[in-house]
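Asks:
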Amino acid sequence: MANLKPSHLNSAVLANLQCFSSAAKHLSFTRAADELNLTQGAISQRIRKLEEQLGFALFLRYNRRLQLTAEGERLLIQTNNSLTELDNLIRDIHTQGLAGELSLSTPPSFASEWLLEKLADFSQHFPQIFFRMETHSRLVDFFSEQIDLAIYYGQGEYPGLVCWHLMDEQLIPVCTPEFAKKYDLWSRPEQLNHCHLLHDAQAWPEAGPYSEWSYWAERQSLNLELKQGHCFDKSEHAVKAAKAGLGVAIGRKQLIEKYLNNGELINPFDGLPSVLSQQNYYLVTHEDRKEQPIIKAFREWLLKINNPLF
1 MANLKPSHLN SAVLANLQCF SSAAKHLSFT RAADELNLTQ GAISQRIRKL EEQLGFALFL
61 RYNRRLQLTA EGERLLIQTN NSLTELDNLI RDIHTQGLAG ELSLSTPPSF ASEWLLEKLA
121 DFSQHFPQIF FRMETHSRLV DFFSEQIDLA IYYGQGEYPG LVCWHLMDEQ LIPVCTPEFA
181 KKYDLWSRPE QLNHCHLLHD AQAWPEAGPY SEWSYWAERQ SLNLELKQGH CFDKSEHAVK
241 AAKAGLGVAI GRKQLIEKYL NNGELINPFD GLPSVLSQQN YYLVTHEDRK EQPIIKAFRE
301 WLLKINNPLF
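Okay, so the sequence shown: first residue is 1 according to UniProt numbering, each after it adds one.
Structural data, given as structure tokens:
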């Protein structure tokens, strides 16, 4: 291979470095091709061209796998650092001058259990954008209310509005370990008829007081007495009541995962099939506002933190 002089770090080399970074990350030309929307042959050709340009091999090629050479490992570290710095620089340039107020409507439980703890990251990137947040579960009238964006827990059918899918939700019955032991709930869902159920009285607009428990029981082919127990106006209150040992609540995995991880709550029926909710989380706005810079910045940030490949 020919030796590359420093002055030969041209645009062709820089373009091929992106292919190298992806191939090195996956140790696969095929997966790199999928990520960059190229063919496997194009990735392979660009890597060989880059090796010729640089004057040293980047990969050891075996029958069914790739391995980075020592030189390839060194180049990968520097390439990734440089690409990260460039990404941060470009993002900083884009965020300069973005300032103002963003009015946001969101379900109370989603705000307190998921969104609020992530907003510091947004504020770090956009320090001159300030929130005016309203928390309620009703649908917003974007024509009469001063709301820029709304987060809905629903089915994504909002005529006249633009919506982006944020994430799916999964329904999980939860209680404390002590409560499960007291009522002999471990792997015995029929025992739910002998303890208090905790309900979100309106899990989404127009939902009935027992909607989530009813759907979960139906999916598990269980006959439960749903009208016994306690009703709360917010999902987070039902979950807090479960944490206090008052009964068994239907938790939404995205909002309660931290309590499952730290052991405050458990799913006493984790042997049963998981139940995906009929409702998911959506970001919604009016068509006329979707490209406003502040709205676009928040939308892209929210979609990216929930899906790093966005």
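We treat Cβ as the ideally placed atom computed from N, Cα and C, and that holds for glycine.
So, is Asp168 buried or exposed, given that buried needs 16 or more other C-beta atoms within 10 angstroms?
Replies: By the neighbour-count rule (16 or more Cβ atoms within 10 Å), Asp168 is not buried but exposed.
Asks: So Ile295 packs on Thr285, CB below 8 Å; how close in whole Å?
Replies: Yes, Ile295 and Thr285 are in contact; Cβ-Cβ is about 6 Å, under 8 Å.
Asks: Give a yes or no on whether the C-beta atoms belonging to Leu198 and Ala242 are separated by under 8 Å.
Replies: Going by C-beta atoms, Leu198 is nearer than 8 Å to Ala242.
Asks: If you reduce the DSSP assignment to three classes, tell me which class Asn262 lands in.
Replies: Reduced to three states, the DSSP call for Asn262 is coil.
Asks: Do you know how far the Cα of Glu291 is from the Cα of Leu260?
Replies: The alpha-carbon atoms of Leu260 and Glu291 are separated by roughly 38 Å.
Asks: Just to confirm before moving on: does the CB-CB distance between Cys163 and Leu283 stay below 8 Å?
Replies: Yes, they are a contact pair.
Asks: CA-CA distance, Glu300 and Ala24?
Replies: Each residue's Cα considered, the two are about 27 Å apart.
Asks: Taking only three categories from DSSP, how would you classify Phe186?
Replies: Per the sequence shown, residue 186 should be read as Trp rather than Phe. Coil, per DSSP.
Asks: For Tyr62, count neighbouring C-beta atoms within 10 Å of its own C-beta (all shown protein chains included) and say buried if the count is 16 or more, exposed if not.
Replies: Counting Cβ neighbours within 10 Å, Tyr62 comes out exposed, since fewer than 16 surround it.
Asks: Can you tell which of Lys304, Lys240 and Leu102 has the C-alpha that lies nearest to the C-alpha of Phe131?
Replies: Selected option, being the one with the closest Cα: Leu102.
Asks: Relative to the alpha-carbon of Tyr215, which residue among Gln170, Ile256, Ala244 and Ala15 has its alpha-carbon at the smallest distance?
Replies: Nearest option by C-alpha distance: Gln170.
Asks: Please name the residue in Ser144, Gly251, Leu116 and Ser112 whose C-alpha comes closest to that of Leu265.
Replies: Checked all of Ser144, Gly251, Leu116 and Ser112; the closest Cα to Leu265 is Gly251.
Asks: Roughly how many angstroms separate the alpha carbons of Phe59 and Glu85, rounded to a whole number?
Replies: Rounded to whole angstroms, Phe59 to Glu85 spans 25 Å at the Cα level.
Asks: Is there contact between the region 68-79 and the region 105-117, where contact requires at least three CB pairs shorter than 8 Å?
Replies: In short, these stretches do not touch, since the Cβ pair count stays below three.
Asks: Assign Asp87 to buried or exposed, taking buried as 16 or more other Cβ atoms, counted over all protein chains shown, within 10 Å of its Cβ.
Replies: Exposed, because fewer than 16 other Cβ atoms sit within 10 Å of the Cβ of Asp87.
Asks: Nearest to Tyr281 by CA position, among Arg289, Ala203 and Phe29, is which residue?
Replies: The shortest C-alpha separation from Tyr281 is found at Ala203.
Asks: Label Ser148 either buried or exposed according to how many other C-beta atoms from any shown protein chain fall within 10 Å of its C-beta, with 16 as the threshold for buried.
Replies: Per the sequence shown, the amino acid found at residue 148 is Asp instead of Ser. Classification of Asp148: buried, given that the 10 Å Cβ count is 16 or more.
Asks: For Thr84, does the three-state DSSP call read helix, strand or coil?
Replies: The answer is helix: DSSP assigns Thr84 an H, G or I state.
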